[in-house]
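Visitor: Questions regarding the structure given below will be posed in turn.
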Amino acid sequence: MHSQLINNYNILCVDDNQNNLFTLSALLENSGNINVIEALGAKAGLDKLLLEKIDLILLDVQMPEMNGFEVARLVKANRKTKDIPIIFVTAVFKSEEFIKEGFEIGAVDYLTKPIDDNQLLNKIMLYLEIFEKNHKIMQSEKKFVDIAQSIGDGIYTLDLNNKATFINNQALNKLGFDYRELMGKEIHDYIHYKDINNRAIKSSECKIHKAMISGEAYKDDNEYFIKKDGSFLPVSVLATPLHIDNEIVGSVTVFRDNTEKEKILTLEKEKIKNQEQIIHSMIDMIESRDSYTAGHTKRVAHYCELIATEMQYSKDDINLLKKAAWLHDIGKISTPDSVLLKPNKLNKVEYKLIQEHLSSGYEMLSKIDDYRVIADIMREHHEKYDGSGYPRGLKADTIMPLSRIMIVADAFDAMTTNRVYKPKKSLSVALQELEDLSAEHFHPEVVEASLKALANIDVSDDTSQLPKTSMEEHRFSYFYKDRLTDLFIIDYLSLILRYHLNSDSVYLYSVKLHNFTQYNRTLGWSNGDKFLISFANFIDNLYDNTVVFRIEGDDFMILSEVKRATLKEDILESDILKDTQLGLGVSEKYIENIREKDQKTLSEEFKKDLS
Numbered sequence: 310m311h312s313q314l315i316n317n318y319n320i321l322c323v324d325d326n327q328n329n330l331f332t333l334s335a336l337l338e339n340s341g342n343i344n345v346i347e348a349l350g351a352k353a354g355l356d357k358l359l360l361e362k363i364d365l366i367l368l369d370v371q372m373p374e375m376n377g378f379e380v381a382r383l384v385k386a387n388r389k390t391k392d393i394p395i396i397f398v399t400a401v402f403k404s405e406e407f408i409k410e411g412f413e414i415g416a417v418d419y420l421t422k423p424i425d426d427n428q429l430l431n432k433i434m435l436y437l438e439i440f441e442k443n444h445k446i447m448q449s450e451k452k453f454v455d456i457a458q459s460i461g462d463g464i465y466t467l468d469l470n471n472k473a474t475f476i477n478n479q480a481l482n483k484l485g486f487d488y489r490e491l492m493g494k495e496i497h498d499y500i501h502y503k504d505i506n507n508r509a510i511k512s513s514e515c516k517i518h519k520a521m522i523s524g525e526a527y528k529d530d531n532e533y534f535i536k537k538d539g540s541f542l543p544v545s546v547l548a549t550p551l552h553i554d555n556e557i558v559g560s561v562t563v564f565r566d567n568t569e570k571e572k573i574l575t576l577e578k579e580k581i582k583n584q585e586q587i588i589h590s591m592i593d594m595i596e597s598r599d600s601y602t603a604g605h606t607k608r609v610a611h612y613c614e615l616i617a618t619e620m621q622y623s624k625d626d627i628n629l630l631k632k633a634a635w636l637h638d639i640g641k642i643s644t645p646d647s648v649l650l651k652p653n654k655l656n657k658v659e660y661k662l663i664q665e666h667l668s669s670g671y672e673m674l675s676k677i678d679d680y681r682v683i684a685d686i687m688r689e690h691h692e693k694y695d696g697s698g699y700p701r702g703l704k705a706d707t708i709m710p711l712s713r714i715m716i717v718a719d720a721f722d723a724m725t726t727n728r729v730y731k732p733k734k735s736l737s738v739a740l741q742e743l744e745d746l747s748a749e750h751f752h753p754e755v756v757e758a759s760l761k762a763l764a765n766i767d768v769s770d771d772t773s774q775l776p777k778t779s780m781e782e783h784r785f786s787y788f789y790k791d792r793l794t795d796l797f798i799i800d801y802l803s804l805i806l807r808y809h810l811n812s813d814s815v816y817l818y819s820v821k822l823h824n825f826t827q828y829n830r831t832l833g834w835s836n837g838d839k840f841l842i843s844f845a846n847f848i849d850n851l852y853d854n855t856v857v858f859r860i861e862g863d864d865f866m867i868l869s870e871v872k873r874a875t876l877k878e879d880i881l882e883s884d885i886l887k888d889t890q891l892g893l894g895v896s897e898k899y900i901e902n903i904r905e906k907d908q909k910t911l912s913e914e915f916k917k918d919l920s
């Protein structure tokens, strides 16, 4: 079942056959929150793109005046339309070269005519639900901007041309300008163009703007801005370059009005409060990308607090450590989705990529004075006592004291959380592992305190990296679905065996169709694909509480926790193979003690047996 869509979406259907357009419209507009825009032919489709706001395109490939690939190239070449997802609809043989060309152009998926209604709706709703997810992320960004608007200090951001891209209300009020007077303008010409002695300052000589050129933050408690009425405003200013993928894309400047000295204490309290809000907003932004590890940073912060309290650290040190723990994974903002969301163990290259989150997080936080110590603490949370950690291979007491605590807290949460590639450990086993790795991975003094501080922790069974909602399940298994039949592929088997079964034993049934090559030669590959989709749907719904995989071609596998002694008879007695002249082979394999086998052994064993 798909979740109810919140927003309305426009889907452009482009086909040279009016009957096909009528069929698509009737099907999609009954799904709710979907408005279908019909275009009879390629030229009409391109015209609609110029006139309408389009969220998704269903594009026929075989059209006389201009084929779907040519239309797609024009769509992807236009700056305004290049990000619109395209699903090709084709009735021709889907050779690898044919499919490759479509995906190289930028298509997100293929559908084969005649279209299976359920398959079409499932794919469309999946993409629209992804739109809803992106909308939520945009709401998080809006929340971040709202916080910036509520901060007592003035804030503005500039692009590489020194033009204002954002300015909060506090800045406008302090300087006396209207929003439209500064937005998009070279702000130097309005508020930095002269010093307190009325000597002109060129933009190239402005220390605030030099922060963007040099890549280093500029701070001065005795700066002056010029207000709209020409008077000077004494300010404390911090100008910091903005980085994306290690490239400077602009700068952010924060300033405080120094004419209100008597309000410094109040402003400081507000600053601290807003910093906390910003920290939590940043956490929300991180976890909106990786919902499977949501809550991890908060648990690590809690464990850090318990351990540091046991070790009698000061309240200030504990608060500093908690902030560092909240932000210790902020560098994952730069980690590719394909690595961050991969639902099984990482390979060597992917592991190297995710290690970069330490450097990315450090670079992000160390540019701001108030976060430099936090940046130092979080950078060392993957170091080890014996020097085998990363990124710098620090040893023993060369690791910062607060970082030593975070190392243990982070490892403890990993031990007591269900991950896709390993089950969680019990509290007693996790504590024993901390003790066993004392003076190897962890600092002995921290381990000694942790054994006391964490002894009564209630590790919830819900603490898991596994998906909890339908949408998370779709994202979790997206790369493990067969494109034609929408069944799971074999690479997803070990995960199913380890986390989705109630028992420790299972029956695996190999289902093979015979003479299918001759079927394709006789009736055509398009009809062959149509039959495979129907057959896959049939065996997927044949029994309750089973999971069906497409191994390759015309080979399938059914996973069941109960014996299906009449599987072959149940298939043959149905009409699914009637008049097809196809043969059927069924074999059974019984697997015991699944959870005692590691993931690599499971995958290799099953692939070998089913090859």
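Each number in this note's numbering corresponds to the 1-based position in the sequence shown with 309 added. Heads up, the beta-carbon is just placed ideally off N, CA and C, and yes, glycines get one too.
1. Using only the alpha-carbon positions, how far apart do Q327 and N824 sit?
2. So S560 and T549 are supposed to be a Cβ contact under 8 Å. How far apart are they, rounded?
3. If I'm right that L365 touches I393 with Cβ under 8 Å, what's the distance once you round it to whole angstroms?
4. From what residue to what residue does the beta strand (DSSP E) around C322 run?
5. Is the segment 855-873 touching the segment 818-836 in the sense that three or more CB pairs, one from each, lie closer than 8 Å?
6. Which word fits S590, buried or exposed, when buried means at least 16 other C-beta atoms lie within 10 angstroms of its C-beta?
7. If you draw a straight line from the alpha carbon of T266 to that of L429, how long is it in whole angstroms?
8. Is the beta carbon of A845 closer than 8 Å to that of R859?
9. Over what stretch of residues does the beta strand (DSSP E) that includes N531 continue unbroken?
10. Measure the alpha-carbon distance for L736 versus L649 and round it to whole angstroms.
11. How is I860 classed by DSSP in three states: helix, strand or coil?
12. Give the straight-line distance between the Cα atoms of G350 and L330, rounded to the nearest whole angstrom.
13. Give a yes or no on whether the C-beta atoms belonging to T421 and T399 are separated by under 8 Å.
14. Give me the DSSP bridge partner(s) of F486.
15. Quick check on this structure: which residue in R382, E861, N316, K503 has the alpha carbon closest to the alpha carbon of L822?
16. I need the straight-line Cα distance from N836 to D325, nearest angstrom please.
17. With distances taken Cα to Cα, identify the nearest neighbour of V546 among I517, A748, M521.
18. Can you give me the C-alpha to C-alpha distance between E571 and L760, rounded to a whole angstrom?
19. In three-state terms, what does DSSP make of V561?
20. Taking contact to mean at least 3 C-beta pairs separated by less than 8 Å, is the segment 485-500 in contact with the segment 525-537?
21. Tell me the residue span of the alpha helix (DSSP H) that contains K352.
22. Closest to D795 by C-alpha separation, out of D626, V755, I900, K839, would be which residue?
23. Could you spell out the range, first to last residue, of the alpha helix (DSSP H) harbouring S819?
24. Tell me the rounded alpha-carbon separation between T726 and K607.
25. Leaving out five residues before and five after Y789 in sequence, what residues of the same chain have Cβ atoms less than 7 Å from its Cβ?
26. Is the Cβ-Cβ distance between G524 and I557 less than 8 Å?
Guide: Put simply:
1. Approximately 37 Å, taken between the alpha carbons.
2. Between T549 and S560 the Cβ distance is about 6 Å, and since that is below 8 Å, they are a contact.
3. Between the beta-carbon of L365 and that of I393 there is about 7 Å, and that keeps the pair under the 8 Å contact cut.
4. Residues 318-324.
5. Under the Cβ criterion (8 Å, minimum of three pairs), the segment 818-836 counts as touching the segment 855-873.
6. S590 should be labelled buried.
7. The requested residue 266 is not part of the displayed model; the chain covers only 310 to 920.
8. Going by C-beta atoms, R859 is nearer than 8 Å to A845.
9. Residues 527-535.
10. Taking the straight line from one Cα to the other gives about 27 Å.
11. Reduced to three states, the DSSP call for I860 is strand.
12. Per the coordinates, the alpha-carbon of G350 lies some 10 Å from the alpha-carbon of L330.
13. Contact: yes.
14. None, per the DSSP bridge assignment.
15. The shortest Cα separation from L822 among R382, E861, N316, K503 belongs to E861.
16. Distance between the alpha carbons of N836 and D325 is about 22 Å.
17. Selected option, being the one with the closest Cα: I517.
18. Below a pLDDT of 50, predicted positions are generally treated as unreliable, and E571, at 45, falls in that range; no measurement from the model is reported.
19. It is a strand residue.
20. Touching, per the Cβ criterion.
21. Here the alpha helix (DSSP H) through K352 covers 351-360.
22. Nearest C-alpha to D795: K839.
23. Counting along the chain, S819 falls outside any alpha helix (DSSP H), though it belongs to the beta strand (DSSP E) covering 815-823.
24. Here the alpha carbons of K607 and T726 stand approximately 13 Å from one another.
25. Within the same chain, Y789 has close Cβ partners F797, I798, D800, Y801.
26. Their beta carbons are under 8 Å apart, which means G524 touches I557 by this criterion.
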